[in-house]
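Below is one structure, written out as structure tokens; comments come after it.
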Amino acid sequence: MEAKINVDSRDRIGNLNIHVFGTMLENWGEPGRHTIYGSIWVGENSSIPNVRGLRKDVLEATKKMGPTIIRWPGGCPADVYHWLDGVGPREERPQTVLPTFWSVDVEETNEFGTHEFIDFCREVGADPYINVNVGTGTPEEAANWVEYCNREGKTKYAIMRVKNGHPEPFNVKYWGIGNELYGWWEVGHMDAEEHACVAFEYAKVMKMVDPTIKVVAVGCDQDEWNYQLLKKAGRNIDFVSIHKYYRYEDYYTLVACPLEAKKSLERLSNLINAIIDPAEREIKIAVDEWNVWHKDAGPRAFYQRLTLQDGLFAAGMFHTMHKMCNSVGMANLCDLINSGPCGPIVTNEETLFVNPEYLAFSLYRHHIGDIVLHSSTEVDTYNAGEILNEKIDNVPYLDCLATLSEEKGKLYLAVINRHRDEDIECTIKLRDFRTLNEGEVYELNAEDVMSANDFDSPDNVRITKKKISSVATSFNYIFPRHSATVLEITAHPV
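To convert, note that position 393 of the sequence shown is 472 in this note's numbering; the numbers rise steadily by one, no gaps.
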């Protein structure tokens, strides 16, 4: 199969949003497969090497992965979590139960609370994103949490933070109001009109405490829900969230799911712009939960085996969200570790391994420019059929994301070959670049689309690196079957 890719340095979409490289933590899972306890938090007295109770090997793997923003305490647990239970001396914190549909009778020791979460974010270099409780909480409780994190002076909760060992404010900029409140499974489930009023009140009182914060309100794939939210609360919120999960086992269907995501996000973006004048107020989309959800995860998503095809799905999601950089301002792969439905890092008591989603995340996080360029691709296509009630036809076997760093003088061509069985030779034409030199190639691949990593074989799926020479304004490259490849080329635009 042959293909063509064309890239013009002057044909620009916009600036990349770095917070698209986000992830999430929540109290979720079974012992040994928990998202927080035993995997991130082991306690200062643990025999497992740790930094102030934070598991050391997980810290190192997370730093290497490079998330830019982390959401906590959920997810569903956010709507039953009371933040005051998780501050103060750990030995005095109460043990509570988080009664959610997805994780019945989850015990919360509250050892990992606000201070520990902020500490984890600072250690790995990510911005904290805190989700407040709407299900069993109040606007006052949410505003008090903002005060505790962000205020200086003699107010009650600012003084409490100082007494708890942190004189300087945490300066948490991003705050979410509830989680999936449109869903029957959520504690605090409500209809669209009620939710719009609730979001308005929460955002109002939280911004009275700190007008500089950015607020994320619950959106979804229902136009009426989003319409009510934007009409009522649009002037108080900064993001509308949407969650994207895909439960497909067939390879060609799964790797086409990012095209459904694109249609869904475009529809939400068009609605936002129809109701809120972008010249007066900017509201972005936060895809603050996204992942696959396979059969082996079960109804409660305690664990699933992720394979190369899941890594290629993740790569496609990054292509979609970066190409929509003018609309999508944040995204959070759910979760970071072990459960819920399954994160890019998997641990046991002794060690860890990283799966293909981790590798895709790292590939795009560390080999990308800050300017997103338009690119055109000519290649054969296939029909994926119906995905989430959306017909997805004409899926190109090659998908290109072109980004540019003028500061570094580098062009990054990220190309997914979705074909399961064929390598694709591609003619790449670059226009309006003054100089082009050799570069490097980073390729995510494995023997088979169902290849997976595990504790015994942690490198079945991997990223390989090699040099590329003879780069010119027109050159050929063969993209291997079932791969995601980044060509990192020294290039200076005209």
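Glycine included, each C-beta is placed from N, C-alpha and C at the ideal position.
Continuous beta strand (DSSP E) stretch holding residue i: start and end
i	result
Met103	101-103
Lys363	363-371
Val565	562-572
Ile471	469-471
Glu436	Run containing Glu436: none in the beta strand (DSSP E); it sits in the alpha helix (DSSP H), 435-445.
Thr426	424-426
Tyr331	Here Tyr331 belongs to no beta strand (DSSP E); instead the alpha helix (DSSP H) covers 330-333.
Val407	407-412
Leu177	175-177
Selection from the options that minimises the alpha carbon distance to residue i
i	options	result
Lys323	Gly232, Trp369, Asn417, Ile127	Trp369
Tyr253	Leu391, His98, Glu219	His98
Ala493	Val277, Ser125, Leu480	Leu480
Val251	Thr193, Leu308, Asp459, Thr552	Thr193
Glu361	Ser348, His373, Trp372, Asp367	Ser348
Ala410	Ala82, Glu81, Asn96, Met80	Asn96
Leu308	His274, Ala439, Glu328	His274
Ala335	Arg314, Asn129, Ile471	Ile471
Asp478	Glu123, Thr543, His401	His401
Asn417	Gln388, Tyr382, Phe440	Tyr382
Thr188	Leu163, Tyr443, Ile316	Leu163
Glu25	Glu280, Arg230, Trp263, Pro207	This structure does not reach residue 25, given that the chain is present from 80 up to 573, and the question cannot be answered.
Trp264	Val295, Arg112, Gly214	Gly214
His113	Gly298, Gly408, Phe191	Phe191
Arg201	Lys311, Thr141, Thr217	Thr141
Host alpha helix (DSSP H) of residue i (start-end)
i	result
Ala75	Given a span of 80 to 573 for the chain in the structure shown, any question on residue 75 remains unanswerable.
Glu220	218-229
Glu202	193-203
Ile354	336-354
Residues sharing a beta bridge with residue i, DSSP
i	result
Pro207	Ile149
Glu519	Lys546, Glu567
Phe554	Ile507
Thr456	Ile84
Ala481	Leu452, Leu492
Val474	Tyr461
Glu186	Val176
Thr514	His571
Asn524	Arg541
Ser418	Cys421
Proximity test, residue i beta-carbon vs the ligand GTP heavy atom, cut-off 7 Å
i	result
Gly214	The ligand GTP is absent from the structure shown, which contains no ligands of any kind.
Interface flag, residue i vs chain B, CB-CB below 8 Å
i	result
Gly214	The chain labelled as chain B is not found in the depicted structure, where only one protein chain is given.
| request: Starting from the N-terminal side, write out each stretch of the alpha helix (DSSP H) that is 4 residues or longer and does not extend beyond the stretch 240-326. | output: 271-288, 302-312
| request: Entirely within the stretch 83-170 and at least 3 residues each: give me those beta strand (DSSP E) ranges in chain order. | output: 101-103, 148-151
| said: Counting beta carbon pairs with one atom in the stretch 150-163 and one in the stretch 243-263, are three or more of them shorter than 8 Å? | reply: yes
| Between the stretch 438-457 and the stretch 82-95, do three or more beta carbon pairs fall short of 8 Å? | yes
| said: Taking contact to mean 3 or more Cβ pairs, one atom from each stretch, closer than 8 Å, check whether the stretch 464-484 and the stretch 436-452 are in contact. | reply: yes
| Does the stretch 219-231 come close enough to the stretch 279-290 that 3 or more CB-CB pairs lie under 8 Å? | yes
| task | Could you tell me whether the stretch 385-398 touches the stretch 345-359, where touching means 3 or more Cβ pairs closer than 8 Å? | result | no
| query | So does the stretch 112-120 actually touch the stretch 414-432, counting three or more Cβ pairs closer than 8 Å? | reply | Enough Cβ pairs lie closer than 8 Å, so yes.
| Taking three-plus beta-carbon pairs below 8 Å as touching, is the stretch 101-112 in contact with the stretch 500-509? | no
| Can at least three beta-carbon pairs, one atom from the stretch 532-540 and one from the stretch 550-564, be found at a separation below 8 Å? | no
| field | Three-pair Cβ contact test at 8 Å for the stretch 429-443 versus the stretch 459-475 | value | With a cut-off of 8 Å, the stretch 459-475 and the stretch 429-443 do not count as touching, because too few Cβ pairs lie within range.
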